[in-house]
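Novice: Shown below is the structure under consideration.
Number of protein chains: 2
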Amino acid sequence: MERSFISYTEALDVIADHQKSFAVITVPIVDVGGHFLAEDLIADRDFPPYNRVAMDGIAINHSSFARGVRSFPIEKTVGAGAPQVALEDVNNCIEIMTGGILPKNVDTVIRYEDLTIENGTAAINLEEVTRRKNIHFKGMDIAQGTIIKKAGGRLSSAEINVAASIGKHELKVYKMPKAAIISTGDELVDVHETPLAHQIRRSNVYGIKNTLQEWGINSDLKHIPDDKNEMEVIIDNLLKDYDFLVITGGVSKGKYDYLPDVLKNLGVVKQFHKIKQKPGKPFWFGVSNEGKPVFALPGNPVSSFVCTYIYIRHWLRSSLKMDTNFTYVTLAEDILFKPELTFFIESKIKNLDNGTIVATAVFGNGSGDFINLVNTDGFLILPPEKEVFKKGEVYPFVYYRNEI
Amino acid sequence: MERSFISYTEALDVIADHQKSFAVITVPIVDVGGHFLAEDLIADRDFPPYNRVAMDGIAINHSSFARGVRSFPIEKTVGAGAPQVALEDVNNCIEIMTGGILPKNVDTVIRYEDLTIENGTAAINLEEVTRRKNIHFKGMDIAQGTIIKKAGGRLSSAEINVAASIGKHELKVYKMPKAAIISTGDELVDVHETPLAHQIRRSNVYGIKNTLQEWGINSDLKHIPDDKNEMEVIIDNLLKDYDFLVITGGVSKGKYDYLPDVLKNLGVVKQFHKIKQKPGKPFWFGVSNEGKPVFALPGNPVSSFVCTYIYIRHWLRSSLKMDTNFTYVTLAEDILFKPELTFFIESKIKNLDNGTIVATAVFGNGSGDFINLVNTDGFLILPPEKEVFKKGEVYPFVYYRNEI
Chain A
1 MERSFISYTE ALDVIADHQK SFAVITVPIV DVGGHFLAED LIADRDFPPY
51 NRVAMDGIAI NHSSFARGVR SFPIEKTVGA GAPQVALEDV NNCIEIMTGG
101 ILPKNVDTVI RYEDLTIENG TAAINLEEVT RRKNIHFKGM DIAQGTIIKK
151 AGGRLSSAEI NVAASIGKHE LKVYKMPKAA IISTGDELVD VHETPLAHQI
201 RRSNVYGIKN TLQEWGINSD LKHIPDDKNE MEVIIDNLLK DYDFLVITGG
251 VSKGKYDYLP DVLKNLGVVK QFHKIKQKPG KPFWFGVSNE GKPVFALPGN
301 PVSSFVCTYI YIRHWLRSSL KMDTNFTYVT LAEDILFKPE LTFFIESKIK
351 NLDNGTIVAT AVFGNGSGDF INLVNTDGFL ILPPEKEVFK KGEVYPFVYY
401 RNEI
Chain B
1 MERSFISYTE ALDVIADHQK SFAVITVPIV DVGGHFLAED LIADRDFPPY
51 NRVAMDGIAI NHSSFARGVR SFPIEKTVGA GAPQVALEDV NNCIEIMTGG
101 ILPKNVDTVI RYEDLTIENG TAAINLEEVT RRKNIHFKGM DIAQGTIIKK
151 AGGRLSSAEI NVAASIGKHE LKVYKMPKAA IISTGDELVD VHETPLAHQI
201 RRSNVYGIKN TLQEWGINSD LKHIPDDKNE MEVIIDNLLK DYDFLVITGG
251 VSKGKYDYLP DVLKNLGVVK QFHKIKQKPG KPFWFGVSNE GKPVFALPGN
301 PVSSFVCTYI YIRHWLRSSL KMDTNFTYVT LAEDILFKPE LTFFIESKIK
351 NLDNGTIVAT AVFGNGSGDF INLVNTDGFL ILPPEKEVFK KGEVYPFVYY
401 RNEI
């Protein structure tokens, strides 16, 4: 259904309706970071897989200690990685290392710090010793066959560590869609060119390309002139070669904003045009007859930035079955915004050592002022129902930094 | 100076003392994301570079409006990207598009929404019009020659957008050091092998490799057996080929923990061994005679995880002249921890819609229980001076997720 001038939340719903199911591919474990997990990770054995010695020291049979034995001749010394041995005489001990398999006929490990070892005998310098001490028992963490991590979500080092331990030298992950990012506008020249007085360089597309890359999406950059026929031929081809298109510019009220017409001619069905928001009002969203989304973003730098982080991200998260996740931050100062529009305002955030994150809005010179972006960390999402947003109130925030 | 069993903060200081200056390389703008900026970004022209039309509509000379003129014949229509034109008769107007250069002899733009255009004449449907309206004036955002972004910090889409606009088709960034990540321990088999009853698979190194990758650091994985001579030969070679080494295991009190001796023989000067912390106490840090850091992490999975996120990250941030940055979070429940050690406890965090981030500690079965990592988001840093950490108190938190 075609809609016009809809709300921010309606726009999110429409976009979620056009989520895709991504194919599943297999990727070697060393390259899997940042991918989205498409299979359950299941314990192939108990964890730990054997009664694992948790400290360097000696292993004893606790019954001897209970009977008053304090000095234990060392029967043998065993490192981690050696097959299981057995204690032959329960009045002896086995010297043993962290990570090793617990020998037979022992049930307690005493660490070096509590021992005096002389002439092949270990004396225990403790009054009391708990049986089963310093042993990480088989299956204590998780039993064989248990799902450790369900499919879904982004792979971090934690999952990769666990995946390696269960023998996943390659993992099933989602194949991310490939995007064409298309700039329009005859005032734009390439980044390595020196613009004339009335020209500027293409820049939005480089920022968007990087954002998609951070999300694991590869893309190619294209430019099309403000010529209706040429536009139609180029976009037609791109719709064949890519999984989705991101276009900047050409969707406003301007005389040369041919894009909606061109897309219509190519069978891309408009889902909505214009959102009750600032910036980014002229955003156009459609879907091709093959179901490929076309995000036609306003050409203003801040508008295209905001629409990428809100709407393309929402489509991606929906497709990956991930819930929306915003950071909730506290306003450091009052913000006044009268129009009945969702207001995305660039802000600097600060995580105070009292545990709150406060956001200070940084007002630039409108959606054409992207210099402002480098001085901020993300943007607040302020709802249309209010005009005054008071210091201390809490609102969602979208972060665009990538700190280490 | 050689130290033993030092505090967490002392360890951070020692590591910062061994920070490196990274070389500067040049990288094409399309590949620059995630790199660390090594040059100032300077405005090559005013921003905007010309008086930029901010709305689609008509441009007029305000004096005519002030004199009562409301209907303006359209003298010509100009798109963005066209060279500057001039209004010939101040009682006419020029139809003009967003992003275009403001014509000569005009000073005000009226948007289509406030116009009725019929038979080549635009009638203005407003009682009042402010002079200079809807124009984004030359140099309003920033003047030519101004530093937009000082060197330092990680490049996000915001900086990349701006870099493109000032013609930086390539950028100077820091060349990240290359790491060898070395596993030790004869109980370890490779990820594609099926371990025997007393063996486990190498896994820590895969997690560490991914973490370094997220920070922009490439690494190779190596394994060395618990054999002193072989260790010495292999590490000697790796010290020549890599900028720093990360070693897991072999630094505890165990009989086969040869690593400190081997490193000493190779001229790697110990800076400290053991930190008053849990987990990760046996951490060993040294520097080769060529000044290359060697991070010898305990072999327990959670220990090596924590030491990577705390100490290797600190070395990296120090080398890049970045301040420590933790997230400050609020405890959801009391935590009791008696030993006089800095306590790193895996925790799940939740950003409540009242603007606070609360952390709930998830106690696993000690530093060998890394299954627990997949159920948490990072770890709290609890100082050694206290035993009871009360619900509602605020502590630093290190996040290891990489959400989109």
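These protein sequences, in sequence, are chains A and B.
Take the first sequence: its letter number 271 is residue 271 in UniProt numbering, and every next letter is one higher.
Take the second sequence: its letter number 134 is residue 134 in UniProt numbering, and every next letter is one higher.
From the three backbone atoms N, C-alpha and C, an ideal C-beta is built for every residue, glycine too.
If you reduce the DSSP assignment to three classes, tell me which class Pro28 of chain A lands in.
Specialist: Along the first sequence, read from residue 1 onward, the residue named residue 28 of chain A stands at position 28. It is a strand residue.
Novice: Which residues in chain A sit within 9 Å of Phe305 of chain B, going by Cβ to Cβ distance?
Specialist: Counting from one through the second sequence, the residue named residue 305 of chain B turns up at place 305. Here the neighbours are Ser157, Ala158 and Asn161.
Novice: Can you tell me the Cα-Cα spacing of Gln271 of chain A and Trp284 of chain A, whole angstroms?
Specialist: Along the first sequence, read from residue 1 onward, the residue named residue 271 of chain A stands at position 271. Along the first sequence, read from residue 1 onward, the residue named residue 284 of chain A stands at position 284. Answer to the nearest angstrom: the Cα atoms are 8 Å apart.
Novice: Taking only three categories from DSSP, how would you classify Tyr8 of chain B?
Specialist: On the second sequence, position 8 is the one that residue 8 of chain B refers to. Of the three classes helix, strand and coil, the one that applies to Tyr8 of chain B here is helix, per DSSP.
Novice: What residues in the segment 212 to 228 of chain B have a beta carbon less than 7 Å from any beta carbon of chain A?
Specialist: From the segment 212 to 228 of chain B, only Gln213, Glu214, Trp215 and Asp226 have a Cβ closer than 7 Å to chain A.
Novice: Could you round the C-beta distance between Ile60 of chain A and Phe47 of chain A to whole angstroms and report it? I think they count as a contact, below 8 Å.
Specialist: Here residue 60 of chain A corresponds to residue number 60 of the first sequence, with the count starting at 1. Here residue 47 of chain A corresponds to residue number 47 of the first sequence, with the count starting at 1. Not really, about 25 Å apart at Cβ, beyond 8 Å.
Novice: I need the boundaries of the beta strand (DSSP E) containing Ser347 of chain B, first residue and last residue.
Specialist: On the second sequence, residue 347 of chain B is found 347 positions in, with the first residue counted as 1. Note, Ser347 of chain B: beta strand (DSSP E), Thr342 to Asn351.
Novice: Touch check for the segment 362 to 374 of chain A and the segment 298 to 311 of chain A: three-plus C-beta pairs under 8 Å?
Specialist: Touching, yes, given that three or more Cβ pairs across the two stretches are closer than 8 Å.
Novice: Go through the UniProt domain "MoaB/Mog" (180 to 318) of chain B residue by residue and report every complete run of the alpha helix (DSSP H) that reaches 4 residues or more, in order.
Specialist: With a minimum length of 4 residues, the continuous alpha helix (DSSP H) runs that stay inside the UniProt domain "MoaB/Mog" (180 to 318) of chain B are 204 to 214, 228 to 241, 259 to 265 and 301 to 307.
Novice: Going along the segment 64 to 85 of chain B in order, which residues come within less than 8 Å of chain A, judged by CB to CB distance?
Specialist: Cβ contacts with chain A come from Thr77, Gly79, Ala80, Gly81, Ala82, Pro83 and Gln84.
Novice: Would you tell me roughly how many angstroms separate the C-alpha atoms of Asn325 of chain A and Asp377 of chain B, rounded to the nearest one?
Specialist: Mapped onto the first sequence, residue 325 of chain A falls at position 325. Mapped onto the second sequence, residue 377 of chain B falls at position 377. Their backbone Cα atoms lie some 14 Å apart in a straight line.
Novice: Rounded to a whole number of angstroms, what is the C-alpha to C-alpha distance between Pro279 of chain B and Ala54 of chain A?
Specialist: As a position in the second sequence, residue 279 of chain B is number 279, starting the count at 1. As a position in the first sequence, residue 54 of chain A is number 54, starting the count at 1. Using only the alpha carbons, I get a separation of about 12 Å.
Novice: Counting only C-beta atoms, is Ala164 of chain B closer than 8 Å to chain A at any point?
Specialist: As a first step, residue 164 of chain B must be located in the second sequence, where it is residue number 164. With 8 Å as the cut-off, Ala164 of chain B counts as an interface residue toward chain A.
Novice: Looking at Ala296 of chain B and Val251 of chain B, is the spacing between their C-beta atoms short of 8 Å?
Specialist: Within the second sequence, the letter at position 251 stands for residue 251 of chain B. Within the second sequence, the letter at position 296 stands for residue 296 of chain B. A contact, by the Cβ cut-off of 8 Å.
Novice: Starting from Val329 of chain A, follow its DSSP beta bridges and name the residues at the other end.
Specialist: Counting from one through the first sequence, the residue named residue 329 of chain A turns up at place 329. Val329 of chain A pairs with A:Tyr395.
Novice: Which one of B:Phe344, B:Lys104 and B:Lys292 has the shortest CA to CA distance from Lys178 of chain B?
Specialist: Position 178 of the second sequence, counted from the start, is the residue given in the question as residue 178 of chain B. Per the Cα distances, B:Lys292.
Novice: Determine which residues of the segment 132 to 151 of chain B have a Cβ less than 8 Å from any Cβ of chain A, and write them out in chain order.
Specialist: So the close ones are His136, Met140, Asp141, Ile142, Ile148 and Lys149.
Novice: Relative to the alpha-carbon of His18 of chain A, which residue among A:Thr356, A:Ala361 and A:Tyr311 has its alpha-carbon at the smallest distance?
Specialist: Start at 1 with the first residue of the first sequence, and residue 18 of chain A comes out as number 18. Measuring from the Cα of His18 of chain A, the nearest candidate turns out to be A:Tyr311.
Novice: Under 8 Å between C-beta atoms, does His273 of chain B make it to chain A?
Specialist: By 1-based counting over the second sequence, the position of residue 273 of chain B is 273. His273 of chain B does not count as touching chain A.
Novice: Scan the segment 323 to 342 of chain B for residues whose Cβ lies nearer than 7 Å to a Cβ of chain A and list them as they occur along the chain.
Specialist: Those would be Asn325, Thr327, Tyr328, Val329 and Thr330, in chain order.
Novice: Identify, in the order they occur along the chain, each residue of the same chain with its Cβ nearer than 8 Å to the Cβ of Asp243 of chain A, setting aside the five sequence neighbours on each side.
Specialist: Along the first sequence, one-based indexing puts residue 243 of chain A at 243. Here the set comprises Lys20, Pro177, Lys178, Ala179 and Lys292.
Novice: If you follow the beta strand (DSSP E) that Val173 of chain A is in, where does it begin and where does it stop?
Specialist: Along the first sequence, read from residue 1 onward, the residue named residue 173 of chain A stands at position 173. Counting along the chain, the beta strand (DSSP E) containing Val173 of chain A begins and ends at Glu170 to Tyr174.
Novice: Could you compute how far the alpha carbon of Val262 of chain B sits from the alpha carbon of Ser156 of chain A?
Specialist: Against the second sequence, residue 262 of chain B aligns to sequence position 262. Against the first sequence, residue 156 of chain A aligns to sequence position 156. C-alpha separation (whole angstroms): 33 Å.
Novice: Can you tell which of A:Ser183, A:Ile200, A:Lys281 and A:Leu188 has its C-alpha closest to the C-alpha of Ile234 of chain A?
Specialist: As a position in the first sequence, residue 234 of chain A is number 234, starting the count at 1. Per the Cα distances, A:Ser183.
Novice: I believe Leu37 of chain A touches Val173 of chain A by the beta-carbon criterion, under 8 Å. Please report the beta-carbon distance rounded to the nearest angstrom.
Specialist: Position 37 of the first sequence, counted from the start, is the residue given in the question as residue 37 of chain A. Position 173 of the first sequence, counted from the start, is the residue given in the question as residue 173 of chain A. Right, the Cβ-Cβ distance comes to about 6 Å (below 8 Å), so this counts as a contact.
Novice: Please confirm whether Leu373 of chain B and Ser347 of chain B have their CB atoms less than 8 Å apart.
Specialist: For the purposes of this step, residue 373 of chain B is identified with residue 373 of the second sequence, where counting begins at 1. For the purposes of this step, residue 347 of chain B is identified with residue 347 of the second sequence, where counting begins at 1. Taking 8 Å as the Cβ cut-off, Leu373 of chain B and Ser347 of chain B do not qualify as a contacting pair.
Novice: Given a threshold of 16 other Cβ atoms within 10 Å of its Cβ, counted over all protein chains shown, does Asp241 of chain B qualify as buried or as exposed?
Specialist: Stepping through the second sequence from its first residue, residue 241 of chain B is reached at position 241. Exposed is the call here.
Novice: On the CB-based measure, 16 or more other CB atoms within 10 Å of its CB, does residue 416 of chain B come out buried or exposed?
Specialist: A question about residue 416 of chain B goes unanswered here, because the residues of chain B that appear run from 1 up to 404.
Novice: When you check each C-beta in the segment 94 to 108 of chain A against every C-beta of chain B, which residues fall closer than 8 Å?
Specialist: So the list reads Glu95, Met97, Thr98, Gly99, Gly100 and Ile101, given in the order they occur along the chain.
Novice: Looking at chain B, is there any beta carbon in it that lies within less than 8 Å of the beta carbon of Ala197 of chain A?
Specialist: As a working mapping, residue 197 of chain A is identified with position 197 in the first sequence. Ala197 of chain A counts as touching chain B.
Novice: Can you check DSSP and say which residues form a bridge with Glu118 of chain A?
Specialist: In the first sequence, residue 118 of chain A corresponds to position 118, counting from 1. Paired residues: A:Thr121.
Novice: On the three-pair Cβ rule with 8 Å, is the segment 141 to 153 of chain B touching the segment 65 to 81 of chain B?
Specialist: Output reads no: the segment 65 to 81 of chain B does not touch the segment 141 to 153 of chain B.
Novice: Cβ of Ala359 of chain A within 8 Å of Cβ of Ile371 of chain A?
Specialist: Residue numbering aside, residue 359 of chain A sits at position 359 when the first sequence is read from its first letter. Residue numbering aside, residue 371 of chain A sits at position 371 when the first sequence is read from its first letter. No, the Cβ-Cβ distance between Ala359 of chain A and Ile371 of chain A is not below 8 Å.
Novice: With a threshold of 8 Å between beta-carbons, can Arg3 of chain A be considered close to chain B, or not?
Specialist: Mapped onto the first sequence, residue 3 of chain A falls at position 3. No, its Cβ sits nowhere closer than 8 Å to a Cβ of chain B.
Novice: Short check: CB of Cys93 of chain B to CB of Ile74 of chain B, under 8 Å?
Specialist: Numbered from 1 along the second sequence, position 93 holds the residue referred to as residue 93 of chain B. Numbered from 1 along the second sequence, position 74 holds the residue referred to as residue 74 of chain B. Cβ atoms of Cys93 of chain B and Ile74 of chain B: closer than 8 Å.
Novice: Given that a residue counts as buried once 16 or more other Cβ atoms are within 10 Å of its Cβ, and exposed if not, what is Asp186 of chain B?
Specialist: Against the second sequence, residue 186 of chain B aligns to sequence position 186. By the neighbour-count rule (16 or more Cβ atoms within 10 Å), Asp186 of chain B is buried.
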